[in-house]
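Presented below is the structure to which this report refers.
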Amino acid sequence: MSEIKNSDKANRAETRNLRRSNRRMKTWLVILPVFLFLLGWLLGSFVPLPFSQAASQTVNNVIPLSSDEKFENILQIMTKDWFFADEIEDVTGVLQDNAYYGMTSNEIDPHTAYMSSEEITNFTQSINRNFIGIGVQFRSTADGLHVVERVIRNTPAEEYGVQAGDIIYAVEGVNVSGMTSTEVADLVKGEEGTPVTIDFLRGGKTVTLKIIRRAISSTTYGQLLDEQTGYLEIQQFGETTGDECRTIMEEFVSRGITRVIIDLRDDGGGYLSALQNVMGCFVEDGTVVMRQEYSDGTVTEIKSHGKPFEQIEKCVLLINANTASAAEVFTLAMKELRPETETVGVLSYGKGTVQITRMFDDGSALKYTTSKWTSPSGVWVNKVGITPDHEVKQHDVYYETFPAIEDGEEFGVDSVSDFTRLTQVSLDFLDYEIDRTDGYLSENTSACILEYQKEHDLEVTGTVNAQTYKAVLSQVILSFSKLDERDYQLTKAMEVIHE
Numbered sequence: 000m001s002e003i004k005n006s007d008k009a010n011r012a013e014t015r016n017l018r019r020s021n022r023r024m025k026t027w028l029v030i031l032p033v034f035l036f037l038l039g040w041l042l043g044s045f046v047p048l049p050f051s052q053a054a055s056q057t058v059n060n061v062i063p064l065s066s067d068e069k070f071e072n073i074l075q076i077m078t079k080d081w082f083f084a085d086e087i088e089d090v091t092g093v094l095q096d097n098a099y100y101g102m103t104s105n106e107i108d109p110h111t112a113y114m115s116s117e118e119i120t121n122f123t124q125s126i127n128r129n130f131i132g133i134g135v136q137f138r139s140t141a142d143g144l145h146v147v148e149r150v151i152r153n154t155p156a157e158e159y160g161v162q163a164g165d166i167i168y169a170v171e172g173v174n175v176s177g178m179t180s181t182e183v184a185d186l187v188k189g190e191e192g193t194p195v196t197i198d199f200l201r202g203g204k205t206v207t208l209k210i211i212r213r214a215i216s217s218t219t220y221g222q223l224l225d226e227q228t229g230y231l232e233i234q235q236f237g238e239t240t241g242d243e244c245r246t247i248m249e250e251f252v253s254r255g256i257t258r259v260i261i262d263l264r265d266d267g268g269g270y271l272s273a274l275q276n277v278m279g280c281f282v283e284d285g286t287v288v289m290r291q292e293y294s295d296g297t298v299t300e301i302k303s304h305g306k307p308f309e310q311i312e313k314c315v316l317l318i319n320a321n322t323a324s325a326a327e328v329f330t331l332a333m334k335e336l337r338p339e340t341e342t343v344g345v346l347s348y349g350k351g352t353v354q355i356t357r358m359f360d361d362g363s364a365l366k367y368t369t370s371k372w373t374s375p376s377g378v379w380v381n382k383v384g385i386t387p388d389h390e391v392k393q394h395d396v397y398y399e400t401f402p403a404i405e406d407g408e409e410f411g412v413d414s415v416s417d418f419t420r421l422t423q424v425s426l427d428f429l430d431y432e433i434d435r436t437d438g439y440l441s442e443n444t445s446a447c448i449l450e451y452q453k454e455h456d457l458e459v460t461g462t463v464n465a466q467t468y469k470a471v472l473s474q475v476i477l478s479f480s481k482l483d484e485r486d487y488q489l490t491k492a493m494e495v496i497h498e
């Protein structure tokens with residue numbers, strides 16, 4: 000009985016303690032929110048702003064961003080919070096362009112690309128070769144020496160006396176040595192009918208010409224090689240190439256030409272429509288010249304357009320490592336559809352895909368691969384190329400890169416330099432009796448240089464200096480433009496076409 004009484008006492012005491020604890024809890028529940036409110040007010044009023052911002056940034060840095068809007072979030076951070084954003088003009092546009100370049104760049108397909116408005120304009124002009132200028136093609140060395148490689152026929156450059164091999168030294172008084180080819184071209188181009196003054200180096204002397212610019216458009220070149228043989232160079236398959244080829248072929252036929260050497264060296268391709276029109280000069284209208292295969296298995300046949308010149312009995316094609324795309328389509332189609340056709344040169348590039356270009360309203364564009372192409376019989380040359388029937392390499396000088404030499408640099412007997420090596424290779428190409436081409440300036444090399452300097456009215460020193468080096472390079476480029484025996488591949492083509 001006493002145990003039950005003691006237990007009741009204990010229960011009543013525990014109940015009283017629990018009630019007191021609940022009253023204290025209710026009191027704190029009323030006081031705590033008021034306290035926190037006052038604390039927040041005090042912090043907001045008296046704590047320094049940078050501290051508050053830092054606290055806010057710390058919280059923001061912890062909260063993850065939505066991956067569904069990753070592009071927008073990254074762009075906002077880079078334009079608003081990135082430390083260097085103020086150092087880039089139009090940072091939003093630059094970052095967006097970088098993103099577009101990144102989205103279209105990959106190892107699988109190097110021919111798909113986003114292009115800015117300036118890039119697509121240059122790309123289109125490079126295919127069509129239409130611009131306002133003087134009418135020259137020039138080659139730029141790695142260090143910015145710019146040598147006229149060809150003077151386009153019926154252009155201001157031809158009329159004013161520009162010659163292949165001339166070195167472009169200055170445009171409107173601005174020395175262009177060291178500039179990129181694009182920078183030089185931009186200086187030479189301008190509005191139609193306006194003059195441009197250009198200083199050329201020719202044979203070690205300066206020739207200054209004031210030339211009136213006009214519209215230029217040319218993707219082909221034609222020349223008679225003998226009474227039976229014509230030479231047709233196709234530099235690109237541009238919008239006007241079909242008409243240009245037909246005009247040249249008409250002239251050939253009117254002169255009794257029955258054989259044609261078609262030069263596709265360094266032709267990077269172009270438009271399918273141009274390919275169809277050019278093929279129309281050599282095969283029956285409506286002949287399948289290419290098959291286009293899409294990822295879903297659909298196949299489209301590409302056919303020739305136009306009436307062929309039936310008088311042409313044989314063609315020989317010149318190809319090299321830069322012969323690509325539409326030029327390779329043309330090569331395979333000619334070999335398969337005209338079995339007498341032979342090829343001379345070296346292995347072609349091997350581009351077997353087709354791209355289209357979609358324009359945006361801001362002038363930029365997306366060039367992307369839509370399909371692959373094969374020859375009429377189904378041959379695909381992608382990353383393989385076309386092996387010529389007659390493999391012929393050019394002289395070593397064709398594959399050299401010529402750096403610019405500084406005025407005042409000079410190399411004499413017993414010295415070694417790359418400028419000497421390039422001079423030796425060039426003199427060997429120009430038929431001088433050079434005993435070595437390793438860059439060591441021997442007595443024999445000095446004697447050959449002396450001979451060259453005397454023949455070209457240069458300062459006679461027997462050494463490699465800026466004047467002699469540039470004169471030799473100029474003559475080499477001039478020789479490139481001539482269709483003579485120094486062009487080993489063309490020489491072989493002439494042999495083949497008369498077999």
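Mind the numbering: the sequence shown is residues 0 to 498 in numbering that gives the first Met the number 0, read in order.
For every residue, glycine included, the Cβ atom is placed at its ideal position computed from N, Cα and C.
query, result
"Among Asn319, Ile496, Ser272 and Arg212, which one has its Cα closest to the Cα of Leu346?", "Asn319"
"So what does DSSP say about Cys280, is it helix, strand or coil?", "coil"
"Under 8 Å, do Gln201 and Ile131 count as touching if we go by C-beta distance?", "The sequence given here has Arg at residue 201, not Gln. Contact: no."
"Under three-state DSSP, which class holds Thr78?", "helix"
"Below 8 Å CB to CB, which residues in the same chain sit around Phe137 once its five sequence neighbours on both sides are set aside?", "His145, Val146, Val147, Glu148, Ile167, Ser180 and Val183"
"Identify every run of the alpha helix (DSSP H) within the segment 354 to 437, keeping only runs that are complete inside it and at least 4 residues long; order them along the chain.", "417 to 428"
"With a cut-off of 8 Å, do at least 3 Cβ pairs link the segment 374 to 387 to the segment 327 to 336?", "yes"
"Given Ile496, which residues of its chain have a CB within under 7 Å of its CB, disregarding the five upstream and five downstream residues?", "Thr228, Arg258, Ile260, Lys313 and Val315"
"Can you grab the Cα-Cα spacing for the pair Leu440 / Thr462, in whole Å?", "8 Å"
"Looking only at DSSP bridge pairs, what is Cys314 linked to?", "Val259"
"By alpha-carbon positions, which one of Ser253, Thr240 and Arg245 ends up nearest to Asp266?", "Thr240"
"Using a threshold of 8 Å, state whether the C-beta atoms of His304 and Gly344 are closer than that.", "no"
"Pull up the DSSP beta-bridge partners for Gly351, would you.", "In the DSSP output, where bridge partners are listed per residue, Gly351 has none listed."
"In this structure, how does DSSP classify Asn540 when only helix, strand and coil are distinguished?", "Nothing about residue 540 can be reported from this structure: the residues present for the chain run from 0 to 498 only."
"Determine whether the beta carbon atoms of Glu327 and Val380 lie at a separation below 8 Å.", "yes"
"Mind the definition here: the segment 104 to 117 touches the segment 353 to 367 only if three or more C-beta pairs lie below 8 Å; say whether that holds.", "yes"
"With C-beta atoms as the reference, is Thr330 less than 8 Å away from Ile385?", "yes"
"Would DSSP call Ala163 helix, strand or coil?", "coil"
"In three-state terms, what does DSSP make of Phe34?", "Any answer about Phe34 is weak, because its pLDDT of 49 lies below 50 and its placement is not dependable; what the coordinates show is given next. Helix, per DSSP."
"Going by beta-carbon coordinates alone, are Ala323 and Tyr348 separated by less than 8 Å?", "yes"
"Expressed to the nearest angstrom, what Euclidean distance is found between the alpha-carbon atoms of Thr490 and Thr219?", "20 Å"
"Between which two residues does the alpha helix (DSSP H) containing Val459 stretch?", "Unbroken run through Val459: none, as it is neither H nor E."
"Please return the same chain residues whose Cβ sits closer than 7 Å to the Cβ of Tyr159, not counting the five positions on each side in sequence.", "Leu208 and Ile210"
"Could you give the distance in angstroms between the alpha-carbon of Arg290 and the alpha-carbon of Asn276?", "16 Å"
"Could you tell me the distance, in whole angstroms, from the CA atom of Asn97 to the CA atom of Leu74?", "11 Å"
"Are the CB atoms of Asp437 and Arg420 nearer to each other than 8 Å?", "yes"
"Can you name the start and end residues of the alpha helix (DSSP H) that Asp242 belongs to?", "Thr240 to Ser253"
"Looking at the secondary structure, which residues open and close the beta strand (DSSP E) in which Phe329 lies?", "Premise fails: Phe329 lies in the alpha helix (DSSP H), Ala325 to Leu336, not in any beta strand (DSSP E)."
"If I'm right that Gln393 touches Tyr487 with Cβ under 8 Å, what's the distance once you round it to whole angstroms?", "6 Å"
"Count the other CB atoms within 10 Å of the CB of Arg357; is the residue buried (16 or more) or exposed (fewer)?", "exposed"
"Can you grab the Cα-Cα spacing for the pair Val288 / Gly192, in whole Å?", "42 Å"
"Exposed or buried, Met493, counting other C-beta atoms within 10 Å across all chains shown (16 or more means buried)?", "buried"
"Might you give, ordered along the chain, the residues of its own chain that have their beta carbon closer than 8 Å to the beta carbon of Thr435, omitting 5 neighbours on each side?", "In the sequence as displayed, the identity of residue 435 is Arg instead of Thr. Correct list, in chain order: Gln423, Ser441, Asn443 and Thr444."
"Reducing DSSP to helix, strand and coil, say where Tyr270 ends up.", "coil"
"Should Asn72 go down as buried or exposed, given a rule of 16 or more other Cβ atoms within 10 Å for buried?", "exposed"
"With DSSP collapsed to three states, give me the class of Glu88.", "coil"
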